[in-house]
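Asks: Before anything else, here's the structure in question.
Number of protein chains: 2
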Amino acid sequence: MSELTERQKTLLLLIIRDHIETAQPVGSKRLVEHYHLDLSSATIRNEMAALTDMGLLRQPYTSAGRVPSEEGYRYFVSQMMYQAELPETIQKTISHQFYQTRADQEGWMTLAASVLANQSQGVSMVTAPHATQARFKHVELISTQGRQILMVTVFGGGEVSQQILTLAEPVTQERLSQTAARLNRSLAGLTVDDIAALPIRTDALDQDILMLISAEMRRSGERGSGQIYTDGETNLLAEPEFAESDEARRALKLFEERSTLQDLIARTTLNSTIGGLQVLIGGEGGWEQLGQCSLVLARYGVPGIASGTLGVFGPMRMSYAKAIPTVRYVAGLLSDLVNDTIAGEREAK
Amino acid sequence: MSELTERQKTLLLLIIRDHIETAQPVGSKRLVEHYHLDLSSATIRNEMAALTDMGLLRQPYTSAGRVPSEEGYRYFVSQMMYQAELPETIQKTISHQFYQTRADQEGWMTLAASVLANQSQGVSMVTAPHATQARFKHVELISTQGRQILMVTVFGGGEVSQQILTLAEPVTQERLSQTAARLNRSLAGLTVDDIAALPIRTDALDQDILMLISAEMRRSGERGSGQIYTDGETNLLAEPEFAESDEARRALKLFEERSTLQDLIARTTLNSTIGGLQVLIGGEGGWEQLGQCSLVLARYGVPGIASGTLGVFGPMRMSYAKAIPTVRYVAGLLSDLVNDTIAGEREAK
DNA sequence: AATAGCACTCTCGCCTTGAGAGTGCTAATC
DNA sequence: GATTAGCACTCTCAAGGCGAGAGTGCTATT
Chain H
396 MSELTERQKT LLLLIIRDHI ETAQPVGSKR LVEHYHLDLS SATIRNEMAA
446 LTDMGLLRQP YTSAGRVPSE EGYRYFVSQM MYQAELPETI QKTISHQFYQ
496 TRADQEGWMT LAASVLANQS QGVSMVTAPH ATQARFKHVE LISTQGRQIL
546 MVTVFGGGEV SQQILTLAEP VTQERLSQTA ARLNRSLAGL TVDDIAALPI
596 RTDALDQDIL MLISAEMRRS GERGSGQIYT DGETNLLAEP EFAESDEARR
646 ALKLFEERST LQDLIARTTL NSTIGGLQVL IGGEGGWEQL GQCSLVLARY
696 GVPGIASGTL GVFGPMRMSY AKAIPTVRYV AGLLSDLVND TIAGEREAK
Chain Z
396 MSELTERQKT LLLLIIRDHI ETAQPVGSKR LVEHYHLDLS SATIRNEMAA
446 LTDMGLLRQP YTSAGRVPSE EGYRYFVSQM MYQAELPETI QKTISHQFYQ
496 TRADQEGWMT LAASVLANQS QGVSMVTAPH ATQARFKHVE LISTQGRQIL
546 MVTVFGGGEV SQQILTLAEP VTQERLSQTA ARLNRSLAGL TVDDIAALPI
596 RTDALDQDIL MLISAEMRRS GERGSGQIYT DGETNLLAEP EFAESDEARR
646 ALKLFEERST LQDLIARTTL NSTIGGLQVL IGGEGGWEQL GQCSLVLARY
696 GVPGIASGTL GVFGPMRMSY AKAIPTVRYV AGLLSDLVND TIAGEREAK
C-alpha cells in the first residue's frame, strides 16, 4: 500500500477531493485543466491505471472517469485524519454558541447535533453522556395524584432520569419526602453493587423505592446511550446519490428506528477510545446496513467515568475534510463540559 | 356545491378513492370496468366533464384521466369526516398498546406518534398536553455540583419541567430543601398571576427561586406546545409524489425545523375545538408551505384546563379514510388519559 | 337521458442516433 | 526511461422520432 509514489498520492487525493465536490467520475483531462498540473493527460492516465490496479480507484464503466473505491476513501481518510483542524474562526463560532447555550444537558445535545449537521452537511447523531459506573446522587419523590408519583433520580455526572410510578395505595407527600430524605442520606455516592449489598430496610416504602432506584441505575448502565439526538436528516436528500427516494428511504430508516442506531453505536464504540475517531466507510467490517454510506464516530467524556458518542453519517462521498475535524472538535467541547461537571462535583466534596 | 346529483357524488367519491389508491389519473373506462357500474363509459365521461366544470376534478393534460382538485378532496373529506370510525379490532390493538405502556407522559407521546404514523402511513406529530392556565404544584431543588442546581417543577396536569441553574454562590442541599419546602407550602395550586401578587419574600434565595418558577410557568404557558414528537418521516419517501428528492426534502424540512411546525400548529389550533378535527388540504387558507400536502389535525385534552395537538401529515393524496379515524381515535385516547390525570388530582384534594 | 361510435389529442416508453468524454495503446520525443 | 502526442475505440447520455395506448369530446342514435 505504501508503494505509492509521491505523485500517485497527490493524484489520488486530488481525484477524491474532486469527486467529493462534484459527485462525478473524474477524468484525466479534467484533472489537468482544473488543477494546473505540469503533466499531460496521458501521464495521468497511466498513473490512474496504476491506481486502479491497486484497487484505490474504480471505473463505473469502461471509458468513464475514475471514482474512488472504498479502499481509496480509506487511504484518503487515513492521510488527513491526524492533521486536519477546524479553522479557528469556525471553532470560535461554535464554542461561542455553546457558551451562549449554557443551558441544561438537553440543550447541549441538540446544539451539538445541530452544529455537526450544519458543518458537515450530513446527518448527525449525539448520545447523552452516561456514567460508566452510575453512582447514586439524589432522589426526589413527588406525589402527582392519588397513587401516582413522580420519581426523579439524579446520578453522579448530572444524568437525570424521571419516571412515573403507581403505588399500591396513596401516600402523602410528607411521607414521600421523608422516604426520599432517608434514602438520600444512606445511598449518597453508592454504586448499584453497593446498594445491592445493603441490608433490607424496615420501612416497606423505603425498600420499594430502593429497589426501583437500583433497577433504574442498572437500566441506565445497560442501555448504554438512551436517547439519541439527531439532526440534518434532510441533508441526505440533497445528495445526488439519494435522488432515488428508495435509497434515501433505506438510509433514513436507520435513523428513524433508533434501535438499529443504538446497536450500531454500541458495537462500534466497544473498541474505540475517547478522543480517537472512528471512520466506517461503506460496509466495512460487516456493516452491510451502512450500504454506500460512511460514518464518522467519536466518543467523548472522561475515561472510566462518563462518556457518550457522537458522529456524522453521510454518503461514502461525504466531505470528510469537514466532518472529521468537526466531529473531533465538538467531541472535545463536550468532553470539556463533562469534565467541568465532574470537577465541580469533586470540588464540592 | 350541493347541486351534485346522487350519481355524481358516488362517482366523485369513487374517483377520489381510486386515485388515492393508485396515484394515477383515473379514466372513464377504468372506472366502469373496475367498479361494475351499470353505465357506459360515455355517460361517465359526461358526468366527469360536469364535475370538472364544477372544479372538483382536474385533467393533468388534455385527454388524460381525471385527478381530484383540492376542492374535490375537500368535498370528499367533508363527506366522510363524520361517519368514519376505526374498525373495532384496530381500536382494540391500539388501546391495548396504550394500556401496556402506561408509562410516563413521554411514553404516551412516542407511542401516539408511532401509532399514528403506522396506521395512516403518513408523518405524525404529537405535542405534549399543556395546561391552559398553569398551576403550580411542586418544586424540587437538587444540588448537582458547586453552584449549579437542578430545578424540577411540576405543574398541575402532570407537566414536568427541569432546568439547570447557576447560583451566585454555593448553597447546601439542606438549605435548598428548606427553600423548596417553604415554596411548596405557599405556592401550591396558584397560577402565575396569583404568584405575581404575592408579597416579596424576606429570604433572598426563596425570592430568587420564586421568580424563576414564575418565569418558567409563564414560558410554559406561552410556548404552547414545547417538544413535538414525530414519527414516520420515511413514509413520505414511499409516496410516488416524492420520488423527486427535492420535493421530499422540502416537505421533510418542515419537520426538521420545529419552529415552523410549532407556528403552524399554533395558528391552526386557534380556531379549533377539542374533539373537532381540522383538515388542511393543500395550500388552503394561506398555508403555501404545505404545498401539495395535507394535514389532519386534532386537539385533545380537557377544554380550559389542558390540551395538546396531534396530527398526520402526508401528500394531498393521503389516505384520509385511514388518517381521519385514526387521528380522531388517538385524540380520544389521549383526552381520556389527560382526563384521568385531572380527575386523579381533584380526587386527591 | 343514456349510449355507441368515431375522430382527435396527448403521454409514455422504446428505439435510434450522434455528440462528447474518456480510455488504452503505440510511437515519437525529451 | 519517463513523458507526451496522436489515434482508434468504447461507452454513456441527451435528443429526437415513432407508434401504441389510453382517454377525451362530440354527434348521432336509441
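Sequence order for the protein chains is H and Z. For the first sequence, this note's numbering gives the first residue as 396, with consecutive numbering after it. For the second sequence, this note's numbering gives the first residue as 396, with consecutive numbering after it. Even glycine gets a Cβ: it sits at the ideal position worked out from N, Cα and C.
Nearest-angstrom Cα distance between residue 733 of chain Z and residue 505 of chain Z?
Replies: Computed Cα separation, rounded: 15 Å.
Asks: Apart from the five residues just before and just after residue 671 of chain H, which ones in its own chain have a Cβ nearer than 8 Å to its Cβ?
Replies: Same-chain partners within the cutoff: 693, 694.
Asks: Between Z/625, Z/700, Z/715, Z/721, which lies nearest to residue 550 of chain Z when the distance is taken from Cα to Cα?
Replies: Closest by alpha carbon: Z/700.
Asks: Just reading off the beta strand (DSSP E) that residue 557 of chain Z is part of, what are its end residues?
Replies: Taken as a continuous stretch (DSSP letters only), the beta strand (DSSP E) holding residue 557 of chain Z covers 555-561.
Asks: Could you list which residues in chain Z have their beta carbon closer than 7 Å to that of residue 648 of chain H, in chain order?
Replies: Correct list: 629.
Asks: Nearest to residue 404 of chain H by CA position, among H/472, H/600, H/454, H/687, is which residue?
Replies: When only C-alpha atoms are compared, the closest one is H/472.
Asks: Hey, residue 625 of chain Z and residue 648 of chain H: beta-carbon distance below 7 Å or not?
Replies: Contact flag unset, no.
Asks: Would you kindly check if the distance between the Cβ of residue 725 of chain H and the Cβ of residue 627 of chain H is under 7 Å?
Replies: No. Outside cutoff.
Asks: When the Cα of residue 723 of chain H is compared with those of H/491, H/470, H/514, which residue comes out closest?
Replies: Among H/491, H/470, H/514, the Cα nearest to that of residue 723 of chain H is on H/514.
Asks: Under DSSP, the alpha helix (DSSP H) around residue 471 of chain H begins and ends at which residues?
Replies: It spans 465-475 - the alpha helix (DSSP H) in which residue 471 of chain H sits, taken as one unbroken run.
Asks: Counting only Cβ pairs nearer than 7 Å, list the residues of chain Z close to residue 549 of chain H.
Replies: The answer, in chain order, is 537, 539, 545.
Asks: What separation, rounded to the nearest whole angstrom, lies between the Cα atoms of residue 408 of chain H and residue 643 of chain H?
Replies: Straight-line Cα distance between these residues: approximately 28 Å.
Asks: Is residue 535 of chain H near residue 508 of chain H, with beta carbons less than 7 Å apart?
Replies: For residue 535 of chain H and residue 508 of chain H, no; Cβs fall outside 7 Å.
Asks: Relative to the alpha-carbon of residue 678 of chain H, which residue among H/583, H/539, H/653, H/646 has its alpha-carbon at the smallest distance?
Replies: Comparing Cα-Cα distances from residue 678 of chain H to each of H/583, H/539, H/653, H/646, the minimum goes to H/646.
Asks: State yes or no: is the beta carbon of residue 583 of chain Z nearer than 7 Å to at least one beta carbon in chain H?
Replies: Output row for residue 583 of chain Z: interface = no.
Asks: Is residue 634 of chain Z buried or exposed, if buried means 16 or more other CB atoms sit within 10 Å of its CB?
Replies: Classification for residue 634 of chain Z: buried.
Asks: Along the chain, where does the beta strand (DSSP E) that runs through residue 510 of chain Z open and close?
Replies: Residue 510 of chain Z -> not in any beta strand (DSSP E); alpha helix (DSSP H) instead, spanning 500-515.
Asks: State yes or no: is the C-beta of residue 773 of chain H within less than 7 Å of the C-beta of residue 640 of chain H?
Replies: Nothing in the structure corresponds to residue 773 of chain H, since chain H is present only between 396 and 744.
Asks: Within its chain, find whatever has a CB closer than 7 Å to the CB of residue 454 of chain H; leave out the 5 residues flanking it on each side and keep chain order.
Replies: So the qualifying residues of the chain are 447, 461.
Asks: Distance cutoff 7 Å, beta carbons only. Does residue 746 of chain Z sit that close to anything in chain H?
Replies: It is not possible to answer for residue 746 of chain Z, since the shown part of chain Z is limited to 396 through 744.
Asks: Assuming the contact rule is C-beta atoms closer than 8 Å, residue 386 of chain H and residue 676 of chain H should be a hit. Round their C-beta distance to whole Å, please.
Replies: It is not possible to answer for residue 386 of chain H, since the shown part of chain H is limited to 396 through 744.
Asks: I want to verify the contact list: residues of chain H whose CB lies under 7 Å from the CB of residue 555 of chain Z, in sequence order.
Replies: Here the neighbours are 545, 557.
Asks: Could you tell me which whole alpha helix (DSSP H) segments of length 4 or greater appear in the stretch 426-452 of chain H?
Replies: DSSP runs (the alpha helix (DSSP H)) wholly in the stretch 426-452 of chain H: 436-448.
Asks: Is it buried or exposed, residue 523 of chain H, if we count other Cβ atoms within 10 angstroms and call 16 or more buried?
Replies: Buried.
Asks: Looking at the unbroken beta strand (DSSP E) that takes in residue 626 of chain Z, where does it start and where does it end?
Replies: From DSSP, the beta strand (DSSP E) with residue 626 of chain Z extends over 623-626.
Asks: What's the gap between the Cα of residue 727 of chain H and the Cα of residue 666 of chain Z?
Replies: In a straight line, the C-alpha of residue 727 of chain H is about 48 Å away from that of residue 666 of chain Z.
Asks: So, using beta-carbon positions, are residue 729 of chain Z and residue 708 of chain Z closer together than 7 Å?
Replies: Taking 7 Å as the Cβ cut-off, residue 729 of chain Z and residue 708 of chain Z do not qualify as a contacting pair.
Asks: With DSSP as the reference, identify every bridge partner of residue 535 of chain Z, one or two as the case may be.
Replies: For residue 535 of chain Z, which the question treats as bridged, DSSP gives the partners Z/547.
Asks: Which residue comes first and which comes last in the beta strand (DSSP E) that contains residue 704 of chain H?
Replies: Looking at the DSSP string, the run of the beta strand (DSSP E) that includes residue 704 of chain H is 701-710.
Asks: Does DSSP classify residue 519 of chain H as helix, strand or coil?
Replies: Correct three-state label for residue 519 of chain H: strand.
Asks: Using the DSSP secondary-structure output, state which residues sit across from residue 609 of chain H in a beta bridge.
Replies: None, per the DSSP bridge assignment.
Asks: Have a look at residue 422 of chain H and residue 464 of chain H and give me their C-alpha separation to the nearest angstrom.
Replies: So the alpha carbons of these two residues sit roughly 15 Å apart.
Asks: Residue 419 of chain Z: which of Z/436, Z/433, Z/456 sits nearest, CA to CA?
Replies: Of the candidates Z/436, Z/433, Z/456, the one whose C-alpha sits nearest the C-alpha of residue 419 of chain Z is Z/456.
Asks: Kindly identify the DSSP beta-bridge partner or partners of residue 399 of chain H.
Replies: DSSP, once it has assigned bridges, lists no residue as partnering residue 399 of chain H.
Asks: With a threshold of 7 Å between beta-carbons, can residue 640 of chain H be considered close to chain Z, or not?
Replies: By this cut-off, residue 640 of chain H is an interface position.
Asks: Let me know if residue 698 of chain Z comes out buried or exposed under the rule of 16 or more other beta-carbons within 10 Å of its beta-carbon.
Replies: Flag for residue 698 of chain Z reads exposed.
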